[in-house]
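**Q** Below is one structure. I have some questions about it.
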Amino acid sequence: MNNRLSSALHTVRQALHAVRRALRAVRRAGGPVARAWRHHWAHRLRIWAAVLLVSLTGVVVGTMLLAQSEIPVGPFRAEMSISPSVEGGTEVDIPPLGSLHLDSHDGPIHLKVNLGSLDQQRTEALIDDPTAISAAGQSAVDDVTKGVLQLSLRALGAAIACALLLSALIFRNVRRVASAGLIALAVTGGSLGLAAGTIRPGSISEPRYEGLLVNAPAVVGDARRIADNYGRYADQLAELVSNVSRIYTTVSALPVQPAGNTTRILHVSDLHLNPASWNVIKTVVKSWDIDAIVDTGDIVDWGSSAETTYVNTIGQLGVPYIYVRGNHDSSAIQAAVARQRNAIVLDNTMTTVSGVTIAGIGDPEFTPDKSETPPAANADDPGTTPLLSSGGQLAATIRGSDRKVGVALVHDPAMAPPLSGVVPLVLAGHTHKREVSILPAPAPPTDGASPAPTPTPSGTPAQTPLETRLLVEGSTGGAGLRGLEKEEPTPLQLSVLYFDENQNLKAYDDIQLGGTGQSNVEMQRNVVGAEKPAPTTDPSVFNGVTPAVRRS
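Residue numbers (this note's numbering): -11 to 540.
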């Protein structure tokens, strides 16, 4: 309350200072400006501008001071408040675990929910009766809906009352006071209407989490359940409240049990010899109950024999580690990875782990100490670049297999175009920048003939063209030493991918940790189909390596 009062008073002081500065500037001006200032129409305009300013100040002060309420939600006494905001959205604070940020609606109103206060009687009831947790989750929808409606009415009344009181103290004129009240009613009511009209119920399935890394899976919940019920707001909210209830009632951050037919694969890339990466990977493997790890290359910096000991940690991870070579990885590094007992090196080969068949091929170029790739003799023909040729080899291997392949691994996104329509998901790295896109459909033959439909593993032509999604991972090693070259260190990024029993990607969690010297953690839940990635048409990605293209 004290913070809100201080913030409101600071806003009022800023507005008054601005008015005083404007008045002093006008008084100092002479000639036509001064005469215009003394005109009766200018006098009226000043009065109504003052009424508007006082009314808006009353709306802001009233909302920040009085637009808050307390409602029971599950075992909590949730503190809800509304404050002015440009971006809108909802913030759910769950101390000490962190907070969830939802893109629930557009501005100018921000909703904040604090779940930091427990009701002792309700908590004891949940502990004594475990089935009550589910019941609490089901009733949470009605509780929150009722609380938001009450809070909206409270905010409307507080804004109008504060605007009337402030205008009465300043103007002492019934007409101006009434006008200030009507302006407050219009502004506050319009803001609440805009928030209600732009509400996005599905945003609860894609929260952004900020807090402790080990608590993220428990707070956000299981992606498979959320993905399969996308759009069902009540069920998702109930699941969210149930998950948080489990954390508090057991006094520990227990991860939500995944569905029995969900496969969780951790995607890492571009570790670049950063020893801190292994601790992050171990934490995610344990907290998310990971089934396998895929690494899309550049595990070291120079590919030297001295760096081979860096990969020994792979054997301590406890899950299969599927790896493809990057342009910083030599054949010696690839061999060192292959010697780890749980490692699987793919080089135009495939493997099946936890029901997901993965194919992969290493980067055809080894350029650890070059900032540029020299142009090839036939560089004018983009179809013959080494990167596209390698992607074409992997595509041919997948087409010739009798198994359904769910994922293809390459290091450089420039290797991905030949895989369009061949496999539903391509994972890559190399760019140190996270990106999601849909690969363009394969170009039709130049002779004008219709392209042959993509065959299924059984040999039967597919009825619809296969859409291929490209997920480019950031650097799990924060780009190594290169990450310190800029003002802000490169963050450590990795993703948890959720697959169903048909090898379909249902959702993925993007995890980001602050770079070297920073400790902030963010996690973004993404439901496949809800994020609508734009088709990628950047020629620098899909036309292969042209002369003098920089390679990181």
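Here a beta-carbon is modelled for each residue, glycine too, at the ideal position from N, C-alpha and C.
Using 8 Å for Cβ pairs, my map puts residue 309 next to residue 332. What's the rounded Cβ distance?
**A** With a Cβ gap of about 7 Å, residue 309 and residue 332 count as contacting.
**Q** Name the residue from 480, 397 and 251 whose alpha carbon lies nearest to the alpha carbon of residue 307.
**A** Here the closest residue by C-alpha is 251.
**Q** Let me confirm a value: residue 300 is counted as buried when at least 16 other C-beta atoms fall within 10 Å, else exposed. Which label applies?
**A** Label assigned to residue 300: exposed.
**Q** Only counting runs of 3 or more residues, tell me where the beta strand (DSSP E) segments fall wholly within the stretch 329 to 413, in order along the chain.
**A** If we require 3 residues or more, the beta strand (DSSP E) runs fully inside the stretch 329 to 413 come out as 331 to 333, 337 to 341, 344 to 348 and 395 to 397.
**Q** What are the boundary residues of the alpha helix (DSSP H) that includes residue 102?
**A** Unbroken run through residue 102 is the beta strand (DSSP E), 97 to 102; no alpha helix (DSSP H).
**Q** Work out the CA separation of residue 292 and residue 320 for me, nearest whole Å.
**A** Roughly 8 Å between the two C-alpha positions.
**Q** Evaluate the contact criterion for the stretch 129 to 141 versus the stretch 35 to 47: three or more CB pairs, one atom per stretch, below 8 Å.
**A** Flag = no, the stretch 129 to 141 and the stretch 35 to 47 do not touch.
**Q** For residue 100, I'd like the list of residues in its chain whose CB is within less than 6 Å of its CB, leaving aside the five on either flank, ordered along the chain.
**A** So the list reads 69 and 79, once near-sequence residues are dropped.
**Q** Would you check if the stretch 401 to 418 and the stretch 372 to 379 touch, i.e. whether three or more CB-CB distances between them fall below 8 Å?
**A** Because the criterion of three Cβ pairs below 8 Å is met, the stretch 372 to 379 and the stretch 401 to 418 touch.
**Q** DSSP state of residue 79, grouped into three classes?
**A** DSSP places residue 79 in strand when its eight states are reduced to three.
**Q** Nearest to residue 198 by alpha carbon, out of 50, 479, 497 and 87?
**A** Closest option to residue 198, Cα to Cα, is 87.
**Q** May I ask you to report which of helix, strand or coil DSSP gives residue 422?
**A** Here residue 422 sits in coil by DSSP.
**Q** Mapping the DSSP letters down to three states, classify residue 312 as helix, strand or coil.
**A** Looking at residue 312 - three-state DSSP - the assignment turns out to be coil, as it is neither helix nor strand.
**Q** Mind checking residue 322: buried by the 16 CB within 10 Å criterion, or exposed?
**A** The residue is buried, with at least 16 neighbouring Cβ atoms inside 10 Å.
**Q** Over what stretch of residues does the alpha helix (DSSP H) that includes residue 302 continue unbroken?
**A** Taken as a continuous stretch (DSSP letters only), residue 302 belongs to no alpha helix (DSSP H), as it is neither H nor E.
**Q** Pop quiz: residue 466 and residue 477 are said to be a contact at Cβ under 8 Å. What is the actual Cβ separation, rounded to whole angstroms?
**A** Contact flag correct, Cβ pair sits at about 6 Å.
**Q** Straight-line CA distance for residue 491 to residue 483?
**A** Each residue's alpha carbon lies about 17 Å from the other.
**Q** For the beta strand (DSSP E) that contains residue 514, what are its first and last residues?
**A** From DSSP, the beta strand (DSSP E) with residue 514 extends over 509 to 515.
**Q** Does the beta-carbon distance from residue 147 to residue 55 come in below 9 Å?
**A** The answer is yes: Cβ separation under 9 Å.
**Q** So, is residue 276 buried or exposed, given that buried needs 16 or more other C-beta atoms within 10 angstroms?
**A** Its Cβ being crowded by 16 or more others within 10 Å, residue 276 is buried.
**Q** So if DSSP puts residue 58 in a beta bridge, which residue, or which two residues, is it bridged to?
**A** Partner(s): 67.
**Q** If I'm right that residue 410 touches residue 383 with Cβ under 8 Å, what's the distance once you round it to whole angstroms?
**A** Residue 410 to residue 383, Cβ: 5 Å. Contact.
**Q** Let's see if you can read the secondary structure: which residues bound the alpha helix (DSSP H) around residue 319?
**A** That run of the alpha helix (DSSP H) goes 319 to 326.
**Q** Counting beta carbon pairs with one atom in the stretch 178 to 194 and one in the stretch 92 to 99, are three or more of them shorter than 8 Å?
**A** Touching, yes.
**Q** Between residue 152 and the rest of its own chain, which residues show a CB-CB distance below 7 Å, the 5 nearest in sequence each way excluded?
**A** Excluding positions up to five away in sequence, the list reads 165, 168 and 169.
**Q** Does residue 251 come out as helix, strand or coil in the three-state DSSP assignment?
**A** Note: residue 251 maps to strand in three-state DSSP.
**Q** So, with DSSP's three-state summary, where would you put residue 278?
**A** If DSSP states are grouped into helix, strand and coil, residue 278 belongs with coil.
**Q** Out of curiosity, what's the CA-to-CA distance linking residue 340 and residue 388?
**A** Their backbone Cα atoms lie some 16 Å apart in a straight line.
**Q** Please list the terminal residues of the continuous alpha helix (DSSP H) segment that includes residue 293.
**A** Neither: residue 293 is in no alpha helix (DSSP H) and is coded neither H nor E.
**Q** Going by DSSP, which residues form a beta bridge with residue 283?
**A** Paired residues: 256 and 311.
**Q** With DSSP as the reference, label residue 91 as helix, strand or coil.
**A** Here residue 91 sits in coil by DSSP.
**Q** Could you give the distance in angstroms between the alpha-carbon of residue 60 and the alpha-carbon of residue 71?
**A** Near 21 Å, if we compare the C-alpha coordinates of residue 71 and residue 60.
**Q** What do you reckon, is the C-beta of residue 488 under 8 Å from a heavy atom of the ligand GTP?
**A** The ligand GTP is absent from the structure shown, which contains no ligands of any kind.
**Q** Less than 8 Å between the CB atoms is what I'm expecting for residue 397 and residue 282, so what's the real figure, rounded?
**A** Indeed, because the Cβ distance is near 6 Å, the residues count as touching under 8 Å.
**Q** Could you tell me the boundaries of the alpha helix (DSSP H) in which residue 164 lies?
**A** Note, residue 164: alpha helix (DSSP H), 162 to 185.
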